[in-house]
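My numbering applies: residue 162 is where the sequence shown begins, and numbers increase by one. Here the structure is laid out as structure tokens; the discussion comes afterwards.
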Amino acid sequence: MIRALYTSSNALFDQQMGVDSIANNIANINTIGFKKTRPVFSSLLYQTQKIGMAGQDPMQIGLGSRLQSTDTILTEGMILQSDKDTDLAIEGNGFFTLLDPNGNGSNFLFTRAGDFSVDADGNLVNPEGYKVVGWLAQPSQQGTGYFIPKDPTTGIPTGQIQPINFKSYENVAAVTSTYIRFKANLNSSSTVKEYAPLRTNSDQNMRVNFNSVYNSNGELLNVEDGDNFQISFNGGNTWHTYEYDNNGSVTQGAEGFKTIDDLIQDIENDIKNDNINANVIFQDGQLIIKNTGSDTLKIRVRPTTEDSNFPHPQENKKLTTVFENLTQNVDPGQENSTQQMEVATHVVHSFFYDATGEKHDIDVTFIRIDQNKWSYEVTLPNNDGTITNNTGIINFDNNGGLDPNTQSPTVNITLNNGAPSVRLLVNFWNTDDAKYDGNQFTGLTQFALDSDTSFQTQDGSPPGLLQKLYVDRTGTFYGAYSNGKSYPIAQIAISKFMNPQGLERVGKTLFKITPNADSQAVLSSNGFIGIASEGGRGIILSKHLESSNVNLGDEFVNLIVYQRGFEASSKGVTTANQMLITAINLKR
Numbered sequence: 162m163i164r165a166l167y168t169s170s171n172a173l174f175d176q177q178m179g180v181d182s183i184a185n186n187i188a189n190i191n192t193i194g195f196k197k198t199r200p201v202f203s204s205l206l207y208q209t210q211k212i213g214m215a216g217q218d219p220m221q222i223g224l225g226s227r228l229q230s231t232d233t234i235l236t237e238g239m240i241l242q243s244d245k246d247t248d249l250a251i252e253g254n255g256f257f258t259l260l261d262p263n264g265n266g267s268n269f270l271f272t273r274a275g276d277f278s279v280d281a282d283g284n285l286v287n288p289e290g291y292k293v294v295g296w297l298a299q300p301s302q303q304g305t306g307y308f309i310p311k312d313p314t315t316g317i318p319t320g321q322i323q324p325i326n327f328k329s330y331e332n333v334a335a336v337t338s339t340y341i342r343f344k345a346n347l348n349s350s351s352t353v354k355e356y357a358p359l360r361t362n363s364d365q366n367m368r369v370n371f372n373s374v375y376n377s378n379g380e381l382l383n384v385e386d387g388d389n390f391q392i393s394f395n396g397g398n399t400w401h402t403y404e405y406d407n408n409g410s411v412t413q414g415a416e417g418f419k420t421i422d423d424l425i426q427d428i429e430n431d432i433k434n435d436n437i438n439a440n441v442i443f444q445d446g447q448l449i450i451k452n453t454g455s456d457t458l459k460i461r462v463r464p465t466t467e468d469s470n471f472p473h474p475q476e477n478k479k480l481t482t483v484f485e486n487l488t489q490n491v492d493p494g495q496e497n498s499t500q501q502m503e504v505a506t507h508v509v510h511s512f513f514y515d516a517t518g519e520k521h522d523i524d525v526t527f528i529r530i531d532q533n534k535w536s537y538e539v540t541l542p543n544n545d546g547t548i549t550n551n552t553g554i555i556n557f558d559n560n561g562g563l564d565p566n567t568q569s570p571t572v573n574i575t576l577n578n579g580a581p582s583v584r585l586l587v588n589f590w591n592t593d594d595a596k597y598d599g600n601q602f603t604g605l606t607q608f609a610l611d612s613d614t615s616f617q618t619q620d621g622s623p624p625g626l627l628q629k630l631y632v633d634r635t636g637t638f639y640g641a642y643s644n645g646k647s648y649p650i651a652q653i654a655i656s657k658f659m660n661p662q663g664l665e666r667v668g669k670t671l672f673k674i675t676p677n678a679d680s681q682a683v684l685s686s687n688g689f690i691g692i693a694s695e696g697g698r699g700i701i702l703s704k705h706l707e708s709s710n711v712n713l714g715d716e717f718v719n720l721i722v723y724q725r726g727f728e729a730s731s732k733g734v735t736t737a738n739q740m741l742i743t744a745i746n747l748k749r
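Spelled out as structure tokens, the structure:
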């Protein structure tokens, strides 16, 4: 009877502990990241009255029960959406890792509650001020923002695990541009919308071949070898024949020309030989003849088909029409001009940044100077510096592809604002190394389509201030800066254990390590620390929180069960007591 009394008394205590556990679960139903507990009971020792033998079962009397453990149930709680960027939830396995403020700097605490914020010192902390740990970014080796060095095999950051602090990332310095790159088409058709006045050029290699000259309507003159016309500067008494010569063969009696520079030279020589006082000027795409003498200058232009004595007349009506505009009597001091001659052109408008973060406009002007050949000139349209090594020629094949031998130039820019000089690569190929990569159509092309720049970029940036933090699924924090750039600046550490139920609760929804959480080798080497989405760890959801995994209905049922257990155990006490009273009364 005494044994029954003690057995029932212990049972009362155990059921009370069960109720305490359930009450704690219910109390934390709204606690972020809380994990419920489950009481687990086991029987105590048994008193053996008879041992088991052949033909005889053992006879044992139990001595009651005891609370063996309170298991932590780590099922995932409901993921709730929030409005704060630093509210984080783990979808899957793992724990956020925090620095133990009472440890020696290497002890960690763990939680599923991701209601973090940034304190006044720039630390990422939980509501109790405990610092969240992870890896911090380093300045980029290319000088552009920040990066997190990682093991190329595992993808795990290689830096030191430390408290996440954003203080050092509040701003980024200006980055000098090292290149501009673009994708553009240069119109190869006989009618273009983008054109500019023909110009002379002191560089013979940059002069425009007449087979690439357009009229004032943007229509190609379609000049071919042997096309010719005649001009007289004395009213028709003396005729001079000018013939387009692209192959070094000119009709006898004609003067060959290939570019406007050649034609100007021919006309100047003829005016001089005719003893006529006049100047030849080329301006805004027009050839101008100015009468500098005292007599009227009688200019006449005609096609060679009107000259019965010329052996090989070959009229190009568009070419003749351009120069027939010269036909006029020009009084002393007056002038007359041809129609305006044009060239196909396209301007890529871009920009770059200097070391101070100042933005500068830069133009790359392309001019068609021959069939499948264009010149380029890189200029500063605002005249805010000087630029060298800025001209050249590019070639295309008959399919409109850029010549594989084309080299992207690097221009040298000296600025007027005192900033250091800039060496800027002009990437014609729009490839990472600015070279031909087996595809002729990655950057510049020459198709019979309107000239157009469809893409352009550069790698410089002005200084910027940190404006916003956002987090991706791997727990990487990205800083969005006022200069429009975003860089990774930290990555949060996620811990995972072989036996997470072996962690010990320390309050505030925090856990600490016990020897039963994982192997000694893992615990001593911090091998439990990793990154989200790696090694069985879950992913990170920003602007989300994990709610408590307590199910109120289940807890009410358990509460009733333990209440009934307590009541039943109390009956054992009262029954044993009545039996004792009866036994005592037998003596009377």
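Note that beta-carbon positions come from the ideal geometry of N, C-alpha and C, so glycine has one too.
Contact check, residue i vs residue j, beta carbons under 8 Å
i, j, result
"Gly636", "Ile701", "yes"
"Val491", "Ile449", "no"
"Phe390", "Tyr403", "yes"
"Ile322", "Gly295", "yes"
"Val462", "Thr420", "no"
"Ser338", "Gly645", "no"
"Gly494", "Asn533", "no"
"Asn372", "Val384", "yes"
"Asp564", "Asn551", "no"
"Tyr648", "Leu626", "no"
"Gly562", "Gln601", "yes"
"Glu538", "Ala357", "no"
"Gly663", "Ala678", "yes"
"Leu684", "Ile692", "no"
"Phe343", "Thr614", "yes"
"Asn362", "Asp422", "yes"
Where residue i falls, given that 16 or more other Cβ within 10 Å makes a residue buried
i, result
"Phe271", "buried"
"Leu347", "buried"
"Ile745", "exposed"
"Phe484", "buried"
"Val572", "buried"
"Ile442", "exposed"
"Ile212", "exposed"
"Phe751", "Summary: the structure shown does not reach residue 751, with the chain confined to residues 162 through 749, and so no result is reported for it."
"His507", "buried"
"Leu241", "exposed"
"Ser703", "buried"
"Ile655", "buried"
"Pro313", "exposed"
Backbone secondary structure at residue i - three-state DSSP
i, result
"Ala439", "strand"
"Ser351", "coil"
"His667", "Before going further, note that residue 667 is Val rather than His in the sequence given. DSSP places Val667 in strand when its eight states are reduced to three."
"Leu260", "strand"
"Ala250", "strand"
"Met502", "coil"
"Tyr330", "helix"
"Asn710", "coil"
"Met367", "helix"
"Arg141", "The question about residue 141 has no answer here: the residues shown for the chain are numbered 162 through 749."
"Gln739", "helix"
"Phe431", "Sequence inspection shows Asp at residue 431; the Phe mentioned does not correspond to that position. In this structure, Asp431 counts as helix in the three-state DSSP scheme."
"Ser278", "strand"
"Arg725", "helix"
"Asn560", "coil"
"Pro661", "helix"
"Gly179", "helix"
"Asn533", "coil"
"Glu538", "strand"
Beta-carbon separation (whole angstroms), residue i vs residue j, contact threshold 8 Å
i, j, result
"Phe257", "Val293", "6 Å"
"Tyr405", "Asp431", "Not quite, the Cβ-Cβ distance comes to about 17 Å (not below 8 Å), so this is no contact."
"Ser709", "Phe308", "Not quite, the Cβ-Cβ distance comes to about 38 Å (not below 8 Å), so this is no contact."
"Ser569", "Val587", "6 Å"
"Tyr340", "Leu585", "7 Å"
"Gly275", "Leu249", "3 Å"
"Ala439", "Leu424", "Between Leu424 and Ala439 the Cβ distance is about 15 Å, and since that is not below 8 Å, they are no contact."
"Ile325", "Leu285", "4 Å"
Distance cut-off 7 Å: residue i Cβ against heavy atoms of the ligand MN
i, result
"Gly518", "Annotation note on the ligand MN: not contained in the displayed structure, which lists no ligands."
Test: residue i CB closer than 8 Å to a CB of chain C
i, result
"Phe557", "The chain labelled as chain C is not found in the depicted structure, where only one protein chain is given."
Beta strand (DSSP E) runs wholly inside the region 676–706, at least 3 long, in chain order: 700–703
Which complete beta strand (DSSP E) runs does the region 436–521 hold, if anything under 3 residues is left out? 439–444, 447–452, 458–464, 489–491, 496–498, 503–514
Which complete beta strand (DSSP E) runs does the region 389–433 hold, if anything under 3 residues is left out? 389–393, 401–405, 415–418
3-residue-minimum beta strand (DSSP E) runs that sit fully inside the region 575–643, ordered along the chain: 583–588, 613–619, 625–632, 637–642
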